Amino acid sequence: MSDGAEDLRLRRVVIVGGGTAGWISAALLARALGRQVRIVLVESPEIGTVGVGEATIPQIRLINTFLGIDEDELLRAVQGTFKLGIQFCDWHRIGHAYYHAFGEIGAPLGLLPFHAYWLRDRSRPDAADLWAYALNAQACEARRFDRRQRIGTSPLSGLRYAYHFDAGLYARHLRRHCDGRVVEAVEGTVIEVERRAADGFIAAVHLRDGRRIEGDLFIDCSGFRGLLIEGALEAGYEDWSHWLPCDRALAVPSARQGPMRPYTQALARSAGWQWRIPLQHREGNGHVYCSRYLSDDEACAMLLSNLEGEPLAEPRPLRFTAGVRKRFWSHNCIALGLASGFLEPLESTSIHLVQSGLGRLLALLPDRACAPALREEYNRQTRFEYERIRDFLILHYRATERRDTPFWRDCAALPMPASLAHKIALFRAGGRIVREGEELFTEGSWLQVMLGQGIVPHAYPALADTLPGPQFDGFLADLRTLIARAIADMPAHERFIADHCAAGTGA
Ligand code: FAD
1 MSDGAEDLRL RRVVIVGGGT AGWISAALLA RALGRQVRIV LVESPEIGTV
51 GVGEATIPQI RLINTFLGID EDELLRAVQG TFKLGIQFCD WHRIGHAYYH
101 AFGEIGAPLG LLPFHAYWLR DRSRPDAADL WAYALNAQAC EARRFDRRQR
151 IGTSPLSGLR YAYHFDAGLY ARHLRRHCDG RVVEAVEGTV IEVERRAADG
201 FIAAVHLRDG RRIEGDLFID CSGFRGLLIE GALEAGYEDW SHWLPCDRAL
251 AVPSARQGPM RPYTQALARS AGWQWRIPLQ HREGNGHVYC SRYLSDDEAC
301 AMLLSNLEGE PLAEPRPLRF TAGVRKRFWS HNCIALGLAS GFLEPLESTS
351 IHLVQSGLGR LLALLPDRAC APALREEYNR QTRFEYERIR DFLILHYRAT
401 ERRDTPFWRD CAALPMPASL AHKIALFRAG GRIVREGEEL FTEGSWLQVM
451 LGQGIVPHAY PALADTLPGP QFDGFLADLR TLIARAIADM PAHERFIADH
501 CAAGTGA
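FYI, in UniProt numbering the residues of the sequence shown are 1 to 507.
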């Protein structure tokens with residue numbers, strides 16, 4: 001630094017928490033910042049991690065690319081399987097199922113998105129449903145998988161996929177990956193947060209054994225308790241339970257039964273829903289429910305009676321309130337993971353929110369002064385991302401024909417954020433899906449869930465009429481043939497795993 005100006009460069013980043021959020025933060029920050037910044041991660045052996053978080057979305061693969069992690073090695077280490085989407089059963093009405101499959105629907109054609117033309121012809125007697133034109137959905141049905149990026153010379157991209165994994169093993173794998181880099185892991189329990197008198201910034205955290213850990217920037221990954229962001233800085237929590245009323249979950253592993261599905265299942269229940277997540281060594285299960293409509297004992301009995309294999313442990317209870325911190329970044333502290341907010345795992349978004357928060361933090365990387373403009377921008381962007389995911393989740397509950405239990409009757413009458421009401425109105429009016437800015441979910445995601453939940457447009461975009469019917473018929477027939485061939489060429493999901501990434505094999 002010249003002119004005697006104070007050197008404000010970041011020297012020490014302290015991460016509090018060694019769950020999934022803490023270790024993703026440590027690995028990504030270490031890789032991005034290199035040796036110029038020292039990273040210390042504090043984790044408490046006395047306070048465990050949440051230990052759930054087994055389903056992901058495709059963006060997680062970017063972490064591998066960034067860190068140089070080999071996919072097969074990762075899947076072996078975390079007992080992982082591939083995920084092509086989510087199957088929603090009994091959400092629209094009992095007995096009905098649909099996929100929210102990753103990847104494209106149809107293929108590029110004309111001026112409009114594929115679904116505009118499909119909507120035009122969808123009521124013809126010979127019309128196939130939308131998912132007949134989604135490679136991922138067809139691979140889910142066939143329980144097949146491969147990793148090719150393109151389907152031959154066709155306009156079709158290959159499968160878009162994410163992972164199912166054991167969350168504890170994933171954190172451990174990232175930890176191993178950090179070894180030898182610039183992360184110092186400290187075991188200890190934070191009992192006090194020391195703040196500077198002048199500006200209220202966090203100066204250090206104090207551990208029970210008397211150690212004092214100083215930092216310039218603090219990342220709060222301490223889980224639901226939000227030890228720094230709430231405990232010390234009182235950022236405040238905005239409760240969204242009037243929109244998303246489920247407030248409890250029970251999680252239990254079970255023995256694996258039958259062929260491995262390449263998708264998560266979300267099965268609607270009388271006052272919530274149940275997840276089934278296939279891993280190599282077991283199945284992950286959980287029941288998310290609303291305690292106003294169902295007792296813990298009833299929820300537990302319902303979960304246990306709907307397992308496919310024998311339970312391997314006692315169900316583990318978890319409590320939460322849907323919502324977000326009023327400020328995600330306050331002073332010199334950024335909250336990530338459960339410390340930043342909670343949206344139920346219906347669309348497996350929590351781990352992604354850690355990753356995207358880190359991306360934003362790196363783009364806005366502050367010096368030790370943490371300029372207010374940077375904090376405001378981070379908070380604005382993070383809030384936007386959370387709100388749009390919230391809207392997407394509400395859609396699953398709000399657009400339902402179910403009226404069979406008090407819970408579902410009340411869900412159908414839930415209030416709607418204006419942003420969601422607008423999206424639904426646009427779709428109803430003419431099949432249009434408008435995404436703003438950096439929204440996480442794609443047009444294809446909104447389309448599948450709106451149609452899957454029974455929202456049918458009254459009309460289709462007028463421009464769709466410019467494509468002659470016979471030309472579109474030929475296109476659809478070719479597409480179905482291509483998809484059928486591509487699926488026939490893929491090995492079974494289980495076979496692919498056995499050949500490439502079965503736990504306990506390989507180097
Ligand atoms: P935690 O796992 O709670 O870790 C907190 C860490 O802070 C621990 O290491 C603890 O030791 C440490 N700590 C706490 N207090 C102190 C202290 N005083 N001193 C020192 N250290 C301390 N996400 C998904 O992406 N997909 C899913 O399918 C999914 N399913 C979920 C299902 C449920 C029911 C729930 C509740 C969550 C789910 N999530 C899912 C979210 C996911 O589990 C979390 O986002 C993820 O595990 C990150 O958790 P975390 O690291 O923020 O918190």
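Where a beta carbon is used, it is the ideal one built from N, C-alpha and C, also for glycine.
In this text, all values refer to a predicted model and were calculated from it rather than measured experimentally.
The bridge partners DSSP lists for P317 are L250. By the neighbour-count criterion, in which a residue is buried when 16 or more other Cβ atoms sit within 10 angstroms of its Cβ, T466 is exposed.
Under the three-state reduction of DSSP output, I47 falls in the coil class, being neither helix nor strand. In this structure, DSSP gives K423 a helical state, which the three-state scheme calls helix. In the DSSP assignment, F82 is bridged to Y163. Nearest to A128 by alpha-carbon distance, out of E494, F472 and H500, is F472. For Q138, the enclosing alpha helix (DSSP H) has its first and last residue at L135 to A142. Per the C-alpha coordinates, the member of D220, Y133, R150 and L119 positioned closest to T481 is Y133. Contact annotation: H281 and A299 have beta-carbon atoms that are not nearer than 8 Å. The shortest C-alpha to C-alpha distance from L62 to any of H100, Y163, I86 and V16 is the one to Y163. For P278, the shortest separation between its Cβ and any heavy atom of ligand 1 does not lie below 7 Å. When DSSP states are grouped into helix, strand and coil, T264 belongs to the strand group.
Note that the C-beta distance between F82 and H493 is below 8 Å. Sequence-distant Cβ neighbours of P113 in its own chain, meaning closer than 7 Å and more than five residues away, are E443. If you check the C-beta of H352 against ligand 1, you find a heavy atom less than 7 Å away. Secondary structure at A371: coil, using DSSP grouped into helix, strand and coil.
CA-to-CA, the gap between V78 and L451 works out to about 34 Å.
Within the model, the alpha-carbon separation for Q381 versus P470 is close to 45 Å. Taken from the Cβ of F441, every heavy atom of ligand 1 lies 7 Å or farther away. R196 is the residue among Q59, L307, E104 and R196 whose C-alpha sits nearest the C-alpha of L217. If you check the C-beta of E43 against ligand 1, you find a heavy atom less than 7 Å away. Pairing G223 with V42 gives a Cβ-Cβ distance that is not under 8 Å. Residue environment for P259: exposed (fewer than 16 other C-beta atoms within 10 angstroms of its C-beta). When Cβ pairs closer than 8 Å are counted between the two stretches, the region 266 to 278 is seen to touch the region 81 to 96, the count reaching three or more.
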